[in-house]
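The next block holds one structure in the form of structure tokens; read it before the comments.
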């Protein structure tokens, strides 16, 4: 019997040919023909996305900084954690601090990397690095011209209500908020 977590079984798919069908500012799209481990071939549609960071910022009162912004593909304003694309050559922690300042006007004195994850690896190569920020002070940077972002601190009770009611629909935000609530519970 083969188990899903059997690390010894080779599951690698090898690219036989690749064709980029779209190039954009934030992402590209390509179609690859791959060889499967058993020798058959298949087609894979891949969205190439620049790496990004997401920041959970906690103030001295134990509140989390959330943003609300309209997301055109979703057709609605979403509650999210601050996040954004890492600029070429930019250190990921510096990117997290910059994004937090641009989107919220707050700058942390301490930032720590928590984990890295893929947003939707079935079709997209976007990786996000999740940071935890504390020691916040006001320090604005100009917002991106094509974004309108509203920022607000939320208590644990409000976070639980937003998550429990289904108002938080963004997966990077859900992951971050569940991590934060679990970390609070572990601290006692």
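Numbering (the working numbering), first residue to last: 48 to 235.
Yeah, the Cβ is synthetic: ideal placement off N, Cα and C, and Gly gets one too.
Please name the residue, chosen from the options, that lies closest to residue i on a Cα-to-Cα basis.
| i | options | result |
| --- | --- | --- |
| residue 151 | 172, 116, 159 | 116 |
| residue 95 | 110, 132, 104 | 132 |
| residue 205 | 70, 228, 88, 137 | 228 |
| residue 230 | 103, 126, 186 | 103 |
| residue 128 | 122, 137, 111 | 111 |
| residue 138 | 165, 55, 178 | 178 |
| residue 72 | 78, 134, 166, 218 | 134 |
| residue 81 | 122, 62, 170, 195 | 62 |
| residue 105 | 153, 130, 85 | 153 |
| residue 163 | 157, 219, 196 | 219 |
| residue 89 | 166, 60, 119, 198 | 60 |
| residue 289 | 160, 168, 155, 233 | This structure gives no information on residue 289, because the portion of the chain shown stretches from 48 to 235. |
| residue 157 | 140, 165, 168, 70 | 140 |
| residue 113 | 165, 70, 87, 197 | 197 |
Who are the Cβ neighbours of residue i in its own chain at under 8 angstroms, not counting the five residues just before and after it?
| i | result |
| --- | --- |
| residue 221 | 210, 215 |
| residue 207 | 228 |
Does residue i pass the burial test, meaning 16 or more other C-beta atoms within 10 Å, or should it be called exposed?
| i | result |
| --- | --- |
| residue 223 | buried |
| residue 180 | buried |
| residue 183 | buried |
| residue 68 | exposed |
| residue 121 | exposed |
| residue 155 | buried |
| residue 142 | buried |
Assuming residue i and residue j form a contact by the criterion Cβ under 8 angstroms, report the distance between their Cβ atoms to the nearest whole angstrom.
| i | j | result |
| --- | --- | --- |
| residue 100 | residue 146 | 6 angstroms |
| residue 74 | residue 217 | Not really, about 17 angstroms apart at Cβ, beyond 8 angstroms. |
| residue 170 | residue 93 | 7 angstroms |
| residue 84 | residue 53 | Going by Cβ atoms, the distance from residue 84 to residue 53 rounds to 13 angstroms, so no, they are not a contact pair. |
Take residue i and list the residues in its own chain whose beta-carbon comes closer than 6 angstroms to its own, dropping the five residues that flank it on each side.
| i | result |
| --- | --- |
| residue 98 | 133, 174 |
| residue 188 | 148, 149 |
| residue 118 | 125 |
For residue i, collect the residues of the same chain with a Cβ closer than 7 angstroms to its Cβ; drop the 5 residues on either side in sequence, then sort them by chain order.
| i | result |
| --- | --- |
| residue 77 | 65, 66, 67, 68, 93, 95 |
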